[in-house]
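S.K.: Take this structure first; my questions come after.
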Amino acid sequence: MSIKNKVQLVGHVGQAPELKTFGDSGKLAKFSLATNESYKDKNGQWVENTVWHKLVAWNNVADLIEKHIEKGTYVLIEGKLTHRTYTDKENIKRYITEVEVLKFIKLDKKSGSIPVTETTQDTTSNDDDLPF
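In our numbering, the protein residues as written are 790 to 921.
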């Protein structure tokens, strides 16, 4: 039996992606995505629940994020859940859970979806030196 680590999210980008380059070949894009869920409570009132997700994309996918994603973009994200730790400036160990974006489809409610098909999966990443 094969076990997979796969995440799919549909939502709106919270802020313009933050981009970082590492030498000649490495690139990182960081951004957040809001997903919404609605349900009726016990009194029959609609409740809206918004969840913010931290997303990262590396190298070729980061290049595509830079070209196609901006604040407010409605997008379908496919990726994997990742966990990492780092020590902050106060020497406190921090834990982070993120979604590593492997591919995405830019969605437009008015004219349909715009698939971004250039995505190539280059998941080699070296985040040991990241200060966040």
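Even for Gly, the Cβ is constructed at its ideal location relative to N, Cα and C.
1. Give every residue of the same chain whose Cβ lies closer than 6 Å to the Cβ of Glu826, excluding the five residues on either side of it in the sequence, and list them in chain order.
2. Helix, strand or coil for Glu879 per DSSP?
3. What three-state label does DSSP hand Asp911 in the structure shown?
4. Following the continuous alpha helix (DSSP H) through Ala805, name the residue where it begins and the one where it ends.
5. Whose CA, out of Thr824, Leu844 and Asn849, lies closest to the CA of Gly815?
6. Contact check, His842 vs Leu798 under 8 Å by CB: the rounded distance?
7. For the structure I just gave you, are there three or more beta carbon pairs, one from the stretch 873-885 and one from the stretch 798-811, closer than 8 Å?
8. Quick check for students: name the residue ranges of the beta strand (DSSP E) that lie wholly in the stretch 823-875, counting only runs of 3 or more.
9. Please state if the CB of Leu817 and the CB of Gly800 are separated by a distance shorter than 8 Å.
10. Could you check what DSSP says for Ile885 in three-state terms: helix, strand or coil?
11. Using CA coordinates, which residue listed in Lys882, Glu879 and Ile866 is at the minimum distance from Leu891?
M.R.: In short:
1. Reading the sequence shown from its first residue, position 37 is the one you call residue 826. The residues are Asn838.
2. Within the sequence shown, the letter at position 90 stands for residue 879. Note: Glu879 maps to coil in three-state DSSP.
3. Taking the first residue of the sequence shown as position 1, residue 911 is located at position 122. Only weak support exists for where Asp911 lies, its pLDDT of 49 falling under 50; the coordinates are left without a value.
4. As a first step, residue 805 is located in the sequence shown; it is residue number 16 there, counting from the start. From DSSP, Ala805 is part of no alpha helix (DSSP H); its letter is neither H nor E.
5. Residue numbering aside, residue 815 sits at position 26 when the sequence shown is read from its first letter. Nearest to Gly815 by alpha-carbon distance, out of Thr824, Leu844 and Asn849, is Asn849.
6. Here residue 842 is taken as the residue at index 53 of the sequence shown, counted from 1. Here residue 798 is taken as the residue at index 9 of the sequence shown, counted from 1. Approximately 6 Å separates the beta-carbon atoms of His842 and Leu798; this is inside 8 Å, confirming the contact.
7. Remark: fewer than three beta-carbon pairs, one from each stretch, lie closer than 8 Å, so the stretch 873-885 and the stretch 798-811 are not flagged as touching.
8. Entirely contained in the stretch 823-875, the beta strand (DSSP E) runs reaching 3 residues are, in chain order, 835-847.
9. For this step, residue 800 is matched to residue 11 along the sequence shown. For this step, residue 817 is matched to residue 28 along the sequence shown. With respect to Leu817, Gly800 sits apart: the two C-beta atoms are not nearer than 8 Å.
10. For the purposes of this step, residue 885 is taken as residue 96 along the sequence shown, with counting starting at 1. Ile885 falls in the strand class under three-state DSSP.
11. The residue given as residue 891 occupies position 102 in the sequence shown. Closest option to Leu891, Cα to Cα, is Ile866.
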